[in-house]
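Worksheet for the structure shown next.
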Amino acid sequence: DQHSWRWCCLLPGVMAFVLFVVMIIIFPETLPSKVAPDDTSDLKYVPSKSERQIQNPFVHLKNPRILIPCVASAFIMSTLTMTASIQNIVLDMDYPAITPTQIGYCGLPMGIGTFFGSIMGGFLAQRGYMWRGDGGRLLPAYIVGVLTAFTIVAYSNFIETHLITGLTLSGLIGLLVPASRPGMYALAIGQNPEESSSITGLLHVMQFGVTVPLSVGGPAILTHWSLRILYLIPASCIVISIIPLGAMVGKALKEYRLYQKTVEVAEDSEDSLSYDGTMAGAGWEVDEKGSSGEYLGEYDPVPSPLTSEKI
Numbered sequence: 001d002q003h004s005w006r007w008c009c010l011l012p013g014v015m016a017f018v019l020f021v022v023m024i025i026i027f028p029e030t031l032p033s034k035v036a037p038d039d040t041s042d043l044k045y046v047p048s049k050s051e052r053q054i055q056n057p058f059v060h061l062k063n064p065r066i067l068i069p070c071v072a073s074a075f076i077m078s079t080l081t082m083t084a085s086i087q088n089i090v091l092d093m094d095y096p097a098i099t100p101t102q103i104g105y106c107g108l109p110m111g112i113g114t115f116f117g118s119i120m121g122g123f124l125a126q127r128g129y130m131w132r133g134d135g136g137r138l139l140p141a142y143i144v145g146v147l148t149a150f151t152i153v154a155y156s157n158f159i160e161t162h163l164i165t166g167l168t169l170s171g172l173i174g175l176l177v178p179a180s181r182p183g184m185y186a187l188a189i190g191q192n193p194e195e196s197s198s199i200t201g202l203l204h205v206m207q208f209g210v211t212v213p214l215s216v217g218g219p220a221i222l223t224h225w226s227l228r229i230l231y232l233i234p235a236s237c238i239v240i241s242i243i244p245l246g247a248m249v250g251k252a253l254k255e256y257r258l259y260q261k262t263v264e265v266a267e268d269s270e271d272s273l274s275y276d277g278t279m280a281g282a283g284w285e286v287d288e289k290g291s292s293g294e295y296l297g298e299y300d301p302v303p304s305p306l307t308s309e310k311i
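Quick note: the sequence shown, position 80, residue 80 per UniProt numbering, numbers continuous.
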């Protein structure tokens, strides 16, 4: 109310510059340095010609376990940015009595939801991984995707007529959307940890590629179509993208259950072979007559050759 809209862009820029300076001053130096005359830890590593070439991050999309999370995450994350950019326009058009300051306060539910959603997403992804491996880690993201599709449709039906209900749903969008990110990020990066930076950049590029058209074209679409039709576009894309994501979750959970059964069978087999009626299985050397001889130490069974296929 007191200043122009340019302050909305100026203040984040100033804060970003301050954080950048703080990071340079506070973060420790990670590059190696000599501590003795004969120390060779700081010798420069010259990468090969192939390593110096710019890598194309889109080559990772050949892997379906990277492609599917990238596409699903892009459509889910785009709804958060689109809602944040369009909500102010809708409030200004449909609620003339609301001041700019009050419009800013209306963004608090989404901001608070985003904060807690990020924390909740990491917790659910970690607990899911401990419960059912990669399938359990991806399951919360799949459920969140389904809920997000229904929530944004409900939001588009209420925000223009019922302000409190619409703002409550915007807070729910802020809670759900970030909660889907940790599981899908961890799964995609886990396919090739050596290229984690490239895959992370790919995830962001995919998100921006979907977010920019919706955020920029959304206000233009509102002049011709209703808000309900506008939100049907990302909702439909989310539903389509999470169908293969759900198939991936089901396959991963099935593989994990099969792996657990295999491990249980292997453990039972080792336990049954640990005692064979003599003391040989317990680390005792047995002579030809069957009497016990010198104790050789604890019995160390041969590790099971069974290995789990990466989920």
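The beta-carbon is built from N, C-alpha and C at its ideal position, and this holds for glycine as well.
Query raised in the report: Does the distance from the C-beta atom of MET77 to that of VAL177 stay below 8 Å?
Result: Taking the first residue of the sequence shown as 1, we reach residue 77 at position 77. Taking the first residue of the sequence shown as 1, we reach residue 177 at position 177. Less than 8 Å divides the Cβ of MET77 from the Cβ of VAL177.
**Report entry** Nearest neighbour of LEU147, chosen from TYR259, ILE86, VAL90 and SER180 [CA to CA]
**Finding:** Mapped onto the sequence shown, residue 147 falls at position 147. Cα-wise, what sits closest to LEU147 is SER180.
Query raised in the report: So, helix, strand or coil for GLN87, using DSSP?
Result: Here residue 87 corresponds to residue number 87 of the sequence shown, with the count starting at 1. In the structure shown, GLN87 sits in a helix (DSSP, three-state: H, G or I).
Report task. Under 8 Å by Cβ, that's how I've got PRO234 and ILE152 pegged, so tell me the actual separation to the nearest angstrom. Result -> Looking up residue 234 in the sequence shown gives position 234. Looking up residue 152 in the sequence shown gives position 152. Going by Cβ atoms, the distance from PRO234 to ILE152 rounds to 7 Å, so yes, they are a contact pair.
Report task. Could you spell out where the alpha helix (DSSP H) holding GLY136 opens and where it closes? Result -> The residue you call residue 136 lines up with position 136 of the sequence shown. Segment 108–158, the alpha helix (DSSP H) holding GLY136.
Query raised in the report: What three-state label does DSSP hand ALA97 in the structure shown?
Result: On the sequence shown, position 97 is the one that residue 97 refers to. ALA97: coil per DSSP, three-state reduction.
Report task. For my contact list, GLY201 and PRO57 are in at a C-beta cut-off of 8 Å; report their separation, rounded to the angstrom. Result -> The residue you call residue 201 lines up with position 201 of the sequence shown. The residue you call residue 57 lines up with position 57 of the sequence shown. Approximately 5 Å separates the beta-carbon atoms of GLY201 and PRO57; this is inside 8 Å, confirming the contact.
Query - C-alpha gap between LEU187 and VAL59, whole angstroms - result: If you number the sequence shown from 1, residue 187 lands on position 187. If you number the sequence shown from 1, residue 59 lands on position 59. Each residue's Cα considered, the two are about 17 Å apart.
Query raised in the report: Any idea if ILE86 is buried or exposed, counting beta-carbon neighbours within 10 angstroms, 16 or more meaning buried?
Result: The residue you call residue 86 lines up with position 86 of the sequence shown. By the neighbour-count rule (16 or more Cβ atoms within 10 Å), ILE86 is buried.
Query raised in the report: First and last residue of the alpha helix (DSSP H) that includes PRO219?
Result: Here residue 219 corresponds to residue number 219 of the sequence shown, with the count starting at 1. First-last of the alpha helix (DSSP H) with PRO219: 196–222.
Query - Contacting residues, own chain, Cβ-Cβ under 7 Å from LEU203 (five flanking each side not counted) - result: As a working mapping, residue 203 is identified with position 203 in the sequence shown. Closer than 7 Å at the Cβ level, and outside the excluded window around LEU203, lie CYS70, SER73, TYR185 and ALA188.
Query - Where GLU298 falls, given that 16 or more other Cβ within 10 Å makes a residue buried - result: Within the sequence shown, the letter at position 298 stands for residue 298. At GLU298 the pLDDT is 43, less than 50, meaning the model places this residue with poor confidence; the figure from the coordinates comes in the next sentence. With fewer than 16 Cβ atoms within 10 Å of its Cβ, GLU298 is classed as exposed.
Query raised in the report: Measuring CA to CA, which of LEU175, GLY171 and MET93 is closest to GLY122?
Result: Against the sequence shown, residue 122 aligns to sequence position 122. Comparing alpha carbon positions, the residue from LEU175, GLY171 and MET93 closest to GLY122 is LEU175.
Query raised in the report: Mind checking whether ARG127 and TYR256 have CB atoms under 8 Å apart?
Result: Looking up residue 127 in the sequence shown gives position 127. Looking up residue 256 in the sequence shown gives position 256. Note that the C-beta distance between ARG127 and TYR256 is not below 8 Å.
Query - From GLY145, ALA149, PRO100 and PHE17, residue whose alpha carbon lies closest to that of ARG228 - result: As a first step, residue 228 is located in the sequence shown; it is residue number 228 there, counting from the start. Closest by C-alpha distance to ARG228, out of GLY145, ALA149, PRO100 and PHE17, is ALA149.
Requested in this report: Check whether the Cβ atoms of PRO109 and SER170 lie closer than 8 Å to each other.
Outcome: What you label residue 109 is simply residue 109 of the sequence shown in a count that begins at 1. What you label residue 170 is simply residue 170 of the sequence shown in a count that begins at 1. SER170 is positioned such that its CB atom lies closer than 8 Å to that of PRO109.
Query raised in the report: Three-state secondary structure (DSSP) at GLN191?
Result: The residue given as residue 191 occupies position 191 in the sequence shown. Shown here, GLN191 sits in coil according to DSSP, grouped into three states, outside any helix or strand.
Query raised in the report: Where do the ends of the alpha helix (DSSP H) carrying SER170 lie?
Result: In the sequence shown, residue 170 corresponds to position 170, counting from 1. SER170 -> alpha helix (DSSP H) spans 163–179.
Report task. Buried or exposed for LEU214, please, with buried defined as at least 16 other CB atoms from any protein chain shown within 10 angstroms of its CB. Result -> In the sequence shown, the residue the question calls residue 214 occupies position 214. Residue environment analysis places LEU214 among the buried positions, since at least 16 neighbouring C-beta atoms fall within 10 angstroms of its C-beta.
Query raised in the report: Going by alpha carbons, who is nearest to ILE143 out of HIS224, LEU124, MET82 and CYS106?
Result: Position 143 of the sequence shown holds residue 143. Checking every option, the nearest Cα to that of ILE143 belongs to LEU124.
Report task. Just the C-alpha distance for ILE238 and SER269, rounded to the nearest angstrom, thanks. Result -> Mapped onto the sequence shown, residue 238 falls at position 238. Mapped onto the sequence shown, residue 269 falls at position 269. If I take the Cα positions, the gap works out to 46 Å.
Query raised in the report: With 16 other CB atoms within 10 Å as the buried threshold, where does VAL90 fall?
Result: Looking up residue 90 in the sequence shown gives position 90. VAL90 comes out buried.
**Report entry** Among MET23, ILE68, ILE98 and GLU267, the one whose alpha carbon lies nearest that of LEU163
**Finding:** Here the question's residue 163 lines up with position 163 in the sequence shown. Nearest C-alpha to LEU163: ILE98.
Query - Rounded straight-line distance, which links the Cα of GLY246 to that of ARG65 - result: In the sequence shown, the residue the question calls residue 65 occupies position 65. In the sequence shown, the residue the question calls residue 246 occupies position 246. If you take the alpha carbons of ARG65 and GLY246, they lie about 12 Å apart.
Report task. Could you tell me if LEU80 is buried or exposed, where buried requires 16 or more neighbouring beta carbons within 10 angstroms of its beta carbon? Result -> As a first step, residue 80 is located in the sequence shown; it is residue number 80 there, counting from the start. In this structure LEU80 is buried. Its beta-carbon is surrounded by 16 or more other beta-carbon atoms within 10 angstroms.
Report task. With distances taken Cα to Cα, identify the nearest neighbour of CYS106 among GLY117, SER118, ASP92 and PRO12. Result -> Start at 1 with the first residue of the sequence shown, and residue 106 comes out as number 106. Measuring from the Cα of CYS106, the nearest candidate turns out to be ASP92.
Query raised in the report: Closest to SER156 by CA distance: which of GLU264, VAL216, GLY136 and ASP94 is it?
Result: Taking the sequence shown and counting its residues from 1, the one referred to as residue 156 is at position 156. Considering only alpha carbons, the answer is ASP94.
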